[in-house]
Every structure is written in C-alpha cells, then in structure tokens.
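Notes follow the structure.
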Amino acid sequence: MIIFKTFLKILLKNKFIIITYTAILIFFGCFNTQTNDNTTNFSATKPDILIINKDENKGLTKDLITYLNKNSNIKKIPDKKYSLDDALFYRDVNYIIYIPKDFREDFLANKNPQIKIKSTKDYQASLAEMMLKRYLKTATIYHSEIPNEKDLLESINSTLKVSTQIQMTTKLNTNSLNKMISYYNFANYSILAGCVYVICLILSSFKEKSIRKRTIISSLKSSTYNLNLLLSNSLFALILWIFYVILSIILVGNAMFTPHGILLIINSFIFTLCALTLAFFIGTLLSNKNAINGIVNVIALGSSFLCGSFVPIEYLPKSVTQIAHILPSYYYIKNNELIKKIEIINLKTINEVLINGIILIIFILIFILLTNIISKKRRDFSYQ
Amino acid sequence: MENTIEVKNLTKKYKNLTAINDLSFSVKKGEILGLLGPNGSGKSTTINCLLSLLSYDQGSIKIFNEEMTPDSYEIKRKIGVVFQEVAIFEELTVKDNIDYFCGLYIKDKNTRKKYIEDAIKLVGLEKFKKFYPKQLSGGLLRRLNIACGIAHKPKLIFLDEPTVAVDPQSRNNILDGIQKLRNQGATIIYTTHYMEEVELICDRIIILDKGKIIASGTLDELKSLATIEEKVSVEVQDLEEKYLEEIKKLKYVDLVTYQNNNLQITYKKGQNNISHLIDFFNKNKIAYNKIFSERPTLNDVFLELTGRELRNE
Ligand SMILES: Nc1ncnc2c1ncn2[C@@H]1O[C@H](COP(=O)(O)OP(=O)(O)O)[C@@H](O)[C@H]1O
Ligand SMILES: [Mg+2]
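Chains as they are written, first to last, in our numbering: chain W, 1 to 384; chain U, 385 to 697.
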C-alpha cells in the first residue's frame with residue numbers, strides 16, 4: 001500500500017512534465033489521424049432501393065423484400081413524370097431491383113431465375129448490391145440441401161442475421177476504419193513512449209541505489225515489493241490505455257464499438273501490457289534519470305519507425321521489416337492491419353490475429369522473466 | 385549479558401582487495417558500539433556484510449541469535465539502518481519520506497502516524513515536515529536520513545558515519561538522538577572516523593585499520609593501551625636549562641620538550657603530577673601561566689598501534 005501511495009505521490013510530483021508529454025503525443029496522434037482522412041465522406045445511411053416486383057408477394061419473394069427492407073430504405077415508385085433513370089440520376093434511389101414473374105417458383109425449381117438491376121454505381125448502390133447478392137447466394141447454397149421452403153427461409157434468415165450486421169457496419173465505415181487504424185497505429189508510439197517514459201521516471205526514483213539498499217534491508221519481502229511496484233505501474237498503464245481508448249472514441253466515434261473497433265481496442269490492450277512490462281524491465285536495468293529521454297527515443301521512436309507506426313510497413317525496405325520482426329510493435333501493428341482487412345469476424349478469419357496476440361503475450365512473459373533475473377542479481381551490491 | 389550480534393571470522397574481498405580480514409566481534413544488548421577507523425578501513429563494508437547486502441567470502445554472522453541471510457525478514461524487521469549516503473526521495477516531503485521507509489515495516493496507519501511524529505521529534509525536524517529535500521541544508525538532510533532509518537523503532541540500529549560534513553548544531557542533535565535511542569533500549573552500532581564522537585557516546589569501541597581489528601574495549605581499556613598516561617603543557621618564559629634537567633628527573637616523567645616558551649611533559653603514570661610540578665615552580669620561583677593536562681586520546685592509541693594518525697584530513 002505504501003508503495004502505491006508513494007508511486008502516486010511521485011507521479012503527481014511529475015504531473016506537469018507528464019501532462020505536457022502526453023499533450024504532445026495526443027497532438028501528433030490527432031494530427032496523424034486527421035491527415036489520413038479520406039476525402040470522400042460517406043454517410044452511414046442505408047441505401048435507397050426501389051423494388052419492382054412482378055412476382056407474387058409471398059414465400060421466398062416476400063422474405064427477400066423483408067430482408068432488403070431491414071437494411072435499406074425501400075422507396076415508393078416515383079411519379080410518372082420521372083422515369084426510373086431520372087430517379088437514379090437524381091439519386092432518389094441508389095438501386096432498382098426487378099423481381100421477375102414466377103421468381104419464387106423458378107428459384108425453388110432450380111431454374112435459376114435472373115433478377116435485373118439498375119444502379120447509380122456509387123458506394124451506397126454497392127451496398128445494396130452486396131445485400132442482394134448475399135441473400136441470393138445464401139439462398140442458393142441452402143436450397144441445394146433444403147428443398148422445403150419454410151425450412152429454407154428459416155436457415156437463410158438465421159445465417160443472415162448473424163453476419164449482415166457486421167458486414168453492413170464495416171462496409172459502411174471504411175472511412176472510420178481507416179481513421180481507427182491510423183490512430184491505433186500511432187498509438188504504438190504514444191503508448192510505448194508514455195509507458196517507458198513515465199515508468200522509467202518513477203522507477204528511477206524507487207531504484208536509486210541508496211533507496212534500493214534501504215528497501216532491501218527492510219522487512220518487506222522483495223517479491224512483495226516487486227509485485228506492489230508492478231501493480232502500481234500496471235494501474236498507470238491501464239489508465240493511460242483507457243485514456244487513449246476514450247480519445248479514440250471521441251475522434252472516431254461510435255465505430256469504435258463495432259467488432260473491428262473492439263478488436264483494435266483489445267489488441268492495444270495486449271500491447272499496453274507489453275509496453276508496461278518492457279518499461280518495467282528497462283526501468284529495472286536503468287539507474288540514470290538523465291538517460292530516460294534517450295531511451296524513450298530509441299525504443300518508442302525507433303520501433304515505431306521500423307514497424308510502420310508512422311509510415312505503412314509496405315513502404316519500408318524489406319531489410320527493415322526483417323529487423324522489425326524482433327520487436328513487439330511489429331506484431332501489434334501487423335494485427336491492426338490484419339483487422340482492417342478482415343470482412344467478417346469469426347474464429348477462422350482472426351486466426352492470424354490471435355497468433356500475433358499470442359506472440360505479444362510471449363513478449364510480455366519474456367520481459368517479466370528478464371526483470372526477475374535482473375532484480376535478483378541486483379540484490380548483491382558487491383558488483384556495483 | 386546477551387549478545388545481539390555475533391560475528392566470527394568475517395572476511396570480504398573485492399576482487400583482489402581484502403576489505404575486511406578475519407573479523408570477529410560481538411555486540412552486547414543495549415550498548416553503543418563504536419566502529420572507529422580511518423576512511424577505507426572497512427567500516428561500511430562490515431556493516432553491509434552484517435546486513436547481507438554484500439555476500440562475503442568467509443565467516444558467520446548471527447543477529448538476535450539467528451543466522452543472518454538476505455531472506456531473514458524477521459531479523460530485518462527489528463533492524464534500522466542509516467547509511468553513509470543520504471537515501472531519500474527527492475519528490476517526497478520530509479514527512480512522506482519517513483512515511484515510506486517506515487511503511488516498509490509497519491502496515492498499520494495509525495501506529496505509523498505516531499511513529500513518524502516520534503522520529504521527527506527525535507531529530508528535531510518539526511518545522512520542516514512539509515519541506516522537500518532540496519529545500520534542506522546538508523545537516524537537516526542527514527537528520528532526515530536518520531529519521532527514515534529509525535522511524536519503525538528498531539531494536540538494533542546501524543549508523544554509518546551519520547555526522548560526516550554536518551554543522552555543529554546538527555551534529556549535537558544527532559549525537560543526542562543516538563543516546564536517546566539507546567536509552568529507549570536500542571542496541572547501536574556506530575561507525576565514524578571522528579574519535580571525539582566515539583569518546584563521547586560509545587560504551588565500547590572497536591578500532592579498525594585496513595580491514596582488521598587492531599584494538600577493542602571500553603574507552604578506559606583502550607586508553608590503558610597507550611604507554612603514556614598524561615600530557616601536561618605549561619607556558620613558561622625563558623626557562624633555564626638547569627631547571628629543564630631537574631624537571632626530567634621528577635617522578636614519572638617520561639619526555640620533556642621545550643619550544644617557543646611551551647613546556648611539554650609526558651608522564652608514564654598519572655597521579656598528582658600537576659601539583660608536584662606547581663610545587664617545583666613555586667620552590668624555584670619560576671613564573672608560569674596556562675597550565676593544562678591532557679589524558680591520552682584514541683588518536684594517541686591509534687598512533688602507537690599503527691604509527692599513523694587516525695585522521696588524515
Ligand atoms: N564496491 C567496491 N568495489 C571495490 N572496492 C571497494 C568497494 N567498496 C569499498 N571498496 C574498498 O574497500 C575498502 C573498504 O571500504 P569501506 O568499507 O567503504 O571503508 P570505510 O567505510 O571504512 O571508509 C576500501 O579500500 C575501498 O576502496
Ligand atoms: Mg564508509
């Protein structure tokens with residue numbers, strides 16, 4: 001308890017420098033996020049669809065229309081004055097779907113009826129198209145196994161219910177996604193620099209030789225002491241992480257609550273633990289306060305450059321990315337990029353993300369182990 | 385009386401240098417033991433070995449009748465240490481510093497609060513509770529350093545040169561404090577290279593030189609090691625040669641020197657020497673003033689045992 005209390009006091013004593021430091025990081029973080037903005041700003045509204053149904057409104061046909069209705073705005077047929085082409089031209093609708101006569105019967109009879117469409121060929125039209133295709137594809141797949149129409153519709157709906165939402169949000173927010181990724185890529189620097197800087201600063205006080213001597217001769221078990229110190233630092237790292245997550249929600253908005261956003265947040269959490277243990281390790285190794293700034297630059301800036309925190313890793317030479325493999329930042333940023341590319345999130349698609357996460361956890365364990373070895377060695381003052 | 389510390393055949397080498405060599409001694413419960421020796425004689429090394437801060441090459445160390453190891457937390461609980469170097473947090477106030485170090489031993493907040501007040505009172509830092517270390521003078525820092533080391537009311541206290549580079553006021557305060565601690569029942573090991581301090585406060589003294597004990601005992605025991613017993617100085621104007629010869633023949637006189645009107649006589653035994661000398665002056669009508677007598681100092685002892693002065697500054 002006394003260690004936590006003292007930790008806080010030292011933290012508060014350094015508040016000015018820490019706040020300044022964080023402010024600079026945030027400034028660059030925001031700047032970085034903003035410049036990565038795509039110029040086209042899609043709104044996340046549903047596409048406007050016009051359905052011209054020549055079939056009877058029942059069974060499969062009815063179900064298709066219901067499905068489309070759920071995820072888009074179904075428009076009434078416009079006034080005779082306007083041709084349908086005009087409606088498209090003026091963007092009254094994005095997508096027109098012609099359901100042919102006997103569509104349902106033909107489909108169930110495996111006659112492969114064609115649905116005609118007209119499209120504004122813009123982003124929202126592509127969303128509508130995607131929905132339609134998804135429905136038809138799912139229906140086709142299930143129909144080969146389920147001839148009964150009622151069961152077929154049930155299967156289609158339960159499948160679409162799960163994946164539609166995800167598909168919609170991700171595609172709707174390509175821009176938000178880009179923003180998120182560049183924010184969280186930059187967070188590699190902010191989190192690493194923040195953790196290493198502050199933790200080393202505070203540890204350098206705790207581990208100052210004469211103070212450490214006094215701590216070692218006290219009746220406090222050295223394992224208890226180390227644990228307390230680690231927990232105090234963890235709390236700081238946790239607060240730092242929460243702070244950056246909140247900031248990302250402010251900058252990017254609700255999109256952070258999508259599965260992609262949440263994956264990014266989890267990834268950054270694991271990385272924060274990694275930064276924490278790394279900082280703790282360096283802090284144990286380091287006894288000179290004046291070296292902290294240099295160390296932060298080497299570690300945070302260095303690994304951020306090497307691993308593509310500022311410049312996408314594709315633009316870096318191969319030799320650089322080879323070196324980057326030994327750094328935790330590499331796996332963190334790689335994960336961000338992988339998450340960006342995933343369309344549907346399930347166990348299979350995030351497999352690689354999980355592996356990188358495990359690599360990060362291995363890094364954490366290595367850092368903890370190294371810290372233990374070092375601090376055991378440091379108990380004998382003969383060699384200092 | 386029971387021994388708080390028992391050291392047997394302790395030897396510590398730093399690579400080629402033997403910093404302490406086959407040291408054996410014990411510390412009795414409730415005493416102030418002085419470890420006296422010039423810089424580099426191995427005082428700090430001895431203390432660090434006793435505390436298991438240093439590994440040592442040979443010997444055994446028992447504190448409170450148990451072997452001392454780095455994991456002897458129960459022994460450590462009863463020990464307080466004030467190191468030679470000031471060990472405090474620059475970022476914390478006087479009170480918070482004491483709180484931290486006391487908190488390493490004592491969990492209970494209320495007990496700690498009281499103990500902190502006691503420690504502050506002992507070293508006389510009442511007015512500086514809210515001060516940060518950089519606002520304190522060297523002497524006050526030393527006092528804070530002591531408060532941090534003893535706030536948890538240890539039964540055994542190590543003080544390693546706590547008065548180095550300290551102003552006289554702080555020094556007196558520190559020496560007073562140490563005696564108070566002893567009176568409260570603590571056993572104290574006090575290292576210094578100032579012999580006056582040792583003479584002032586220590587019950588028993590160990591003189592170290594080059595990592596070896598060259599003498600130990602109470603102040604009187606040590607002084608009896610010196611072959612001289614008393615030194616007398618007198619200011620006499622133009623003393624004639626014949627009187628000088630006569631003085632040399634007086635009882636117990638060992639050595640006589642006369643320089644710049646200053647007569648110095650060393651006696652082998654010390655009883656009524658001054659009165660005999662004054663009788664002699666009166667009888668021969670010799671005018672004198674400023675007569676004073678000195679008992680031998682630890683410096684004289686050290687000088688005789690090693691051929692060197694204790695102080696080298
Ligand atoms: N860490 C060390 N490495 C090598 N030699 C040391 C070390 N610490 C002390 N010494 C040497 O050991 C001897 C005893 O030192 P020390 O115990 O500090 O003496 P004191 O405290 O009496 O001044 C000195 O000669 C000193 O130079
Ligand atoms: Mg010393």
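Just so it is clear, CB atoms sit at the ideal spot from N, CA and C, and this is done for glycine as well.
Closest by CA to residue i, which one among the options?
| i | options | result |
| --- | --- | --- |
| D551 (chain U) | U:L520, U:L543, U:I541 | U:L520 |
| N405 (chain U) | U:K667, U:V391, U:T690 | U:V391 |
| F414 (chain W) | W:A279, W:K76, W:V245, W:R212 | This structure does not reach residue 414 (chain W), given that chain W is present from 1 up to 384, and the question cannot be answered. |
| F409 (chain U) | U:I445, U:K397, U:L401 | U:I445 |
| T690 (chain U) | U:K652, U:L609, U:R679, U:E630 | U:L609 |
| G388 (chain W) | W:L229, W:S176, W:I181, W:I266 | Given that chain W is displayed from residue 1 to residue 384, the structure contains no residue 388 (chain W) and the question cannot be resolved. |
| L435 (chain U) | U:I416, U:G601, U:F467 | U:F467 |
| L417 (chain U) | U:V478, U:A531, U:E545 | U:E545 |
| K213 (chain W) | U:F473, U:E415, U:I631 | U:F473 |
| L301 (chain W) | W:P317, W:Y197, W:L152 | W:Y197 |
| T547 (chain U) | U:N556, U:I541, U:K626 | U:N556 |
| Y642 (chain U) | U:V618, U:L634, U:R566 | U:V618 |
| L401 (chain U) | U:Y440, U:E415, U:N666 | U:Y440 |
| A193 (chain W) | W:Y21, W:P312, W:I2, W:N351 | W:Y21 |
In the DSSP assignment, find the alpha helix (DSSP H) that holds residue i and state where it starts and stops.
| i | result |
| --- | --- |
| L559 (chain U) | 552-567 |
| G700 (chain U) | For residue 700 (chain U) there is no data in the structure shown, the boundaries of chain U being 385 and 697. |
| T321 (chain W) | 318-324 |
| E688 (chain U) | 682-690 |
| T453 (chain U) | Looking at the DSSP string, T453 (chain U) is not in any alpha helix (DSSP H), and its letter there is neither H nor E. |
| T61 (chain W) | 59-71 |
| V353 (chain W) | 351-377 |
| K412 (chain U) | From DSSP, K412 (chain U) is part of no alpha helix (DSSP H) but of the beta strand (DSSP E) over 401-412. |
| N657 (chain U) | 657-667 |
I need the boundaries of the beta strand (DSSP E) containing residue i, first residue and last residue.
| i | result |
| --- | --- |
| Q705 (chain U) | Since the first and last residues shown for chain U are 385 and 697, residue 705 (chain U) lies out of range. |
| K396 (chain U) | 387-398 |
| Y95 (chain W) | 95-99 |
| N673 (chain U) | 672-678 |
| L509 (chain U) | It is not in any beta strand (DSSP E) - L509 (chain U) carries neither H nor E in the DSSP assignment. |
| I146 (chain W) | Taken as a continuous stretch (DSSP letters only), I146 (chain W) belongs to no beta strand (DSSP E), as it is neither H nor E. |
Is residue i buried or exposed, if buried means 16 or more other CB atoms sit within 10 Å of its CB?
| i | result |
| --- | --- |
| S190 (chain W) | buried |
| L647 (chain U) | buried |
| Y315 (chain W) | exposed |
| R91 (chain W) | exposed |
| G357 (chain W) | buried |
| N57 (chain W) | exposed |
| F448 (chain U) | buried |
| Q124 (chain W) | buried |
| G624 (chain U) | Residue identity differs from the one stated: residue 624 (chain U) is Glu in this sequence, not Gly. That one is exposed. |
| T611 (chain U) | exposed |
| I597 (chain U) | buried |
| N481 (chain U) | buried |
| T40 (chain W) | Caution is warranted here: a pLDDT of 37 is assigned to T40 (chain W), below 50, making its placement in the model unreliable, and the coordinate value is therefore given only provisionally. When all chains shown are included, T40 (chain W) counts as exposed. |
| M131 (chain W) | buried |
| L327 (chain W) | buried |
| G522 (chain U) | exposed |
| L540 (chain U) | buried |
| L172 (chain W) | Residue placement at L172 (chain W) is poorly supported in this model, since its pLDDT is 43, which falls under 50; the coordinates are not used for a value here. |
| A671 (chain U) | exposed |
| F676 (chain U) | exposed |
| I359 (chain W) | buried |
| Y183 (chain W) | buried |
| R692 (chain U) | exposed |
| T453 (chain U) | exposed |
| N290 (chain W) | exposed |
| A549 (chain U) | exposed |
Would you please verify whether the beta carbon of residue i is less than 8 Å from any beta carbon of chain C?
| i | result |
| --- | --- |
| Y331 (chain W) | Of the protein chains in the structure, W and U, none is chain C. |
So does residue i have its beta carbon nearer than 7 Å to some heavy atom of ligand 4?
| i | result |
| --- | --- |
| Q322 (chain W) | Ligand 4 is absent from the structure shown, which contains only ligand 1 and ligand 2. |
Next item on the list: Could you list the residues in the segment 466-478 of chain U with a C-beta less than 8 Å from some C-beta on chain W, going in chain order?
Entry: F467, E469, V470, A471, I472, F473, E474, E475, L476
Item checked: Complete alpha helix (DSSP H) runs within the segment 102-144 of chain W (minimum length 4 residues, chain order) -> Whole alpha helix (DSSP H) segments, 4+ residues: 103-108, 123-143.
Margin query: Closer than 9 Å between beta carbons: that is the criterion. Which residues of the segment 203-221 of chain W meet it against chain U?
Written below: S205, F206, E208, K209, S210, I211, R212, K213, R214, T215, I216, I217, S218, S219, L220, K221
Next item on the list: Counting only runs of 4+ residues fully inside the segment 570-643 of chain U, write out the alpha helix (DSSP H) ranges in chain order.
Entry: 579-585, 603-607, 625-632
Notebook entry, point to check: What are the uninterrupted segments assigned as alpha helix (DSSP H) that are 4 or more residues long and contained completely in the segment 205-239 of chain W, given in chain order?
Noted result: Counting whole runs of 4 or more residues, the segment 205-239 of chain W contains the alpha helix (DSSP H) stretches 209-217.
Item checked: Near-chain U residues of the segment 2-13 of chain W - C-beta to any C-beta below 7 Å -> I2, T6, K9, I10, K13
Checklist line | Interface residues of the segment 428-448 of chain U facing chain W [CB-CB below 7 Å] | finding: N432, L435, L437, L438, S439
Notebook entry, point to check: What are the start and end residues of each continuous alpha helix (DSSP H) run of 4 or more residues lying completely inside the segment 246-333 of chain W, in chain order?
Noted result: 259-285, 292-296, 302-307, 318-324
Checklist line | Whole beta strand (DSSP E) elements within the segment 426-506 of chain U, 3-residue minimum | finding: 442-447, 463-466
Next item on the list: With 8 Å as the limit, tell me which residues of the segment 604-634 of chain U have their beta carbon closer than that to any beta carbon of chain W; keep them in chain order.
Entry: none
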